[in-house]
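Structure, as structure tokens:
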Amino acid sequence: MSLPDTITENGKTHIIDALPKQQVAGISGLQIFELMKDGKLPAPPMMIHSNIRIKEFEHGRAVFTGVPEKQFLNPLGTVHGGWISTLIDTALSCAVHTCLEPGEFYTTTSLTVNMVRPLKPGSGEVTCEGRIVHRGSRLATSEGELRDANGKLIAHGAVSCMIFPNPAASSPNG
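According to this note's numbering, the sequence shown is numbered sequentially starting from 433.
Below you can see the structure in the form of structure tokens.
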């Protein structure tokens, strides 16, 4: 399935692509989210493909929503754990992202997901909130929960993220 180059939501057109490393080298992680929300930086292709959207964010906290649809089913007819894990990884690692200083990038090094009940297609929008637990110079951790529209816990998890310099910050060619 190929993705379009842009998507329009709430009257704003968003480019779908990876972040331009040179362009974001001098801005904070929180500023990156503000620019993505305004459509001035691209939306990550994985989020679009997985039907995951940014709901809100602030320093140390990120909230994402998703709608579990038929294409995310496992063979038994419930939503695949990989989709649930993707939503949890997105929210929790982006909570870390909101704490990055200009010139810093990160990558998830560890993801733990505990699913406490099945998620069924057609159950409506689910929400995942990630909160920073620790932010060191090279490692950050975050925790959070995935809840259904009624606030019922579906899964909870934790991530560890390695923090490293943006390669484009030290190289003129990125």
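Glycine included, each C-beta is placed from N, C-alpha and C at the ideal position. Just so it is clear, the structure is predicted and the values come from calculations on it, not from any experiment.
At what residues does the alpha helix (DSSP H) containing residue i begin and finish?
i: Val495; result: Unbroken run through Val495 is the beta strand (DSSP E), Arg493 to Gly498; no alpha helix (DSSP H).
i: Ser592; result: Careful: Ser592 lies outside any alpha helix (DSSP H), inside the beta strand (DSSP E) at Leu585 to Pro597.
Using alpha carbons as the reference points, say which of the options lies closest to residue i.
i: Lys453; options: Gly509, Leu473, Lys469 and Ala581; result: Leu473
i: Thr573; options: Ala590, Met547, Asp580 and Lys584; result: Ala590
i: Leu524; options: Arg567, Thr510 and Asn506; result: Arg567
i: Cys526; options: Pro507, Ala587, Trp515 and Glu490; result: Glu490
i: Leu508; options: Pro476, Arg493, Arg579 and Lys552; result: Lys552
i: Leu571; options: Lys584, Arg549, Glu557 and His529; result: His529
i: Glu533; options: Glu488, Lys584, Gly492 and Glu557; result: Gly492
i: Met479; options: Met547, Trp515, Glu561 and Ile586; result: Trp515
By DSSP's criteria, residue i is part of a beta bridge. Which residues make up the other side?
i: Leu571; result: Met594
i: His566; result: Thr573
i: Cys560; result: Phe496 and Leu578
In the DSSP assignment, find the unbroken beta strand (DSSP E) run with residue i in it and report its ends.
i: Asn582; result: Taken as a continuous stretch (DSSP letters only), Asn582 belongs to no beta strand (DSSP E), as it is neither H nor E.
i: Thr544; result: Glu536 to Met547
**Item:** the stretch 578–598 in contact with the stretch 535–555 per 3-pair CB rule at 8 Å
**Value:** yes
**Prompt:** Touching or not, the stretch 492–501 and the stretch 514–526, by the rule of three or more beta carbon pairs under 8 Å?
**Reply:** yes
**Message:** When you compare the stretch 539–551 with the stretch 463–471, are there three or more beta-carbon pairs, one atom per stretch, that lie closer than 8 Å?
**Reply:** no
**Message:** Going residue by residue through the stretch 455–526, where are the continuous alpha helix (DSSP H) segments of at least 4 residues, counting only ones entirely within it?
**Reply:** 461–469 and 477–482
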